[in-house]
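In UniProt numbering, the protein residues as written are 1 to 304.
Below is one structure, written out as structure tokens, with a few remarks after it.
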């Protein structure tokens with residue numbers, strides 16, 4: 001099918017575009033600033049430049065592409081990367097503009113990237129209701145980025161309630177995305193290598209030790225494009241690895257960095273993650289195929 005990917009030049013977007021193309025789809029990647037090394041057209045992928053916040057440019061793009069499915073990744077992708085008001089403004093306006101345009105132009109499905117930061121972890125007083133966290137756990141964001149993602153989820157639900165012209169609208173909460181080159185030592189989105197995050201648990205504790213390989217997350221986006229009937233419009237899915245990005249069990253690590261998790265962390269023994277992706281497994285047959293144990297190419301640093 002013909003699939004439009006917004007933000008296709010980004011860390012996650014590059015893998016989403018590659019996976020969709022490898023699965024035989026006609027892919028159009030739209031980004032406000034495409035990667036300079038990327039050709040305009042290669043391997044069946046068309047790369048376009050468009051400011052999706054511009055009504056005319058967005059309308060022209062959708063009229064030209066007429067996508068059957070949309071994967072919406074465009075936006076400010078890192079907490080605190082811009083001023084709070086800018087993060088909230090850009091991410092929420094983009095979501096409404098792109099998802100509503102997908103429905104108006106006849107797409108069968110549109111899936112937007114949300115984030116597990118909607119749960120509001122990362123502060124010393126955070127207390128979950130239970131662990132592992134699933135999609136039904138109450139959401140209580142603590143910063144503008146997490147709030148913007150919560151609004152994106154509510155945007156999908158609002159448009160779904162409005163009818164959305166037969167378009168199935170869903171959201172995916174990818175974990176801490178690790179691109180293929182980052183397994184070999186390229187810096188991750190916070191500037192640390194994967195090996196450094198494993199060696200120093202304080203680096204990954206802020207994200208509750210979650211992660212996902214970008215290609216695995218891309219597979220879930222692809223399944224939602226290909227099988228919109230498997231989801232309910234307005235539904236949210238986790239795309240997070242089943243094991244933790246940690247050398248020690250989370251039953252030991254979480255209470256150390258997040259004391260409020262102590263009543264529930266004891267169940268996270270062995271490699272078990274603090275998040276559940278069971279819904280995607282049961283509804284779409286998605287299971288992450290890559291873990292840091294199979295993919296890491298950079299040696300773990302020696303202890304100081």
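We put the beta carbon where it would ideally sit given N, CA and C, even for glycine.
The beta carbon of residue 284 sits closer than 6 Å to the beta carbons of 223 and 230 from its chain, once the five residues preceding and following it are set aside; these are given in chain order. The alpha helix (DSSP H) runs of length 4 or more contained entirely in the segment 219-293 are, from start to end of the chain, 250-257, 262-265 and 278-284. CA-CA distance, residue 80 to residue 25, rounds to 35 Å. Listed in chain order, the beta strand (DSSP E) runs fully inside the segment 88-165 are 109-113, counting runs of at least 3 residues. For residue 31, the enclosing beta strand (DSSP E) begins and ends at 26-31. DSSP places residue 174 in no alpha helix (DSSP H) but in the uninterrupted beta strand (DSSP E) bounded by 168-174.
Taking C-beta separations shorter than 6 Å and ignoring five residues to either side along the sequence, the partners of residue 257 in its chain run 205, following chain order. DSSP, read as helix, strand or coil, puts residue 300 in coil.
Rounded to whole angstroms, the Cβ separation of residue 88 and residue 144 is 5 Å, and the two are in contact under 8 Å.
In the three-state DSSP reduction, residue 55 falls in the helix class (H, G or I). Taking a 10 Å sphere around the C-beta of residue 300, we find fewer than 16 other C-beta atoms and assign the residue as exposed. Only residues of its own chain outside the window of five on either side were considered, and among them 188, 193 and 194 have a CB closer than 8 Å to the CB of residue 182, listed in chain order. Counting the other Cβ atoms within 10 Å of the Cβ of residue 63 gives fewer than 16, which makes it exposed. Residue pairing for residue 6: DSSP places it in a beta bridge opposite 30 and 72. For the pair residue 135 and residue 264, the CB atoms are not nearer than the 8 Å cut-off. Under the Cβ criterion (8 Å, minimum of three pairs), the segment 268-281 does not count as touching the segment 147-161.
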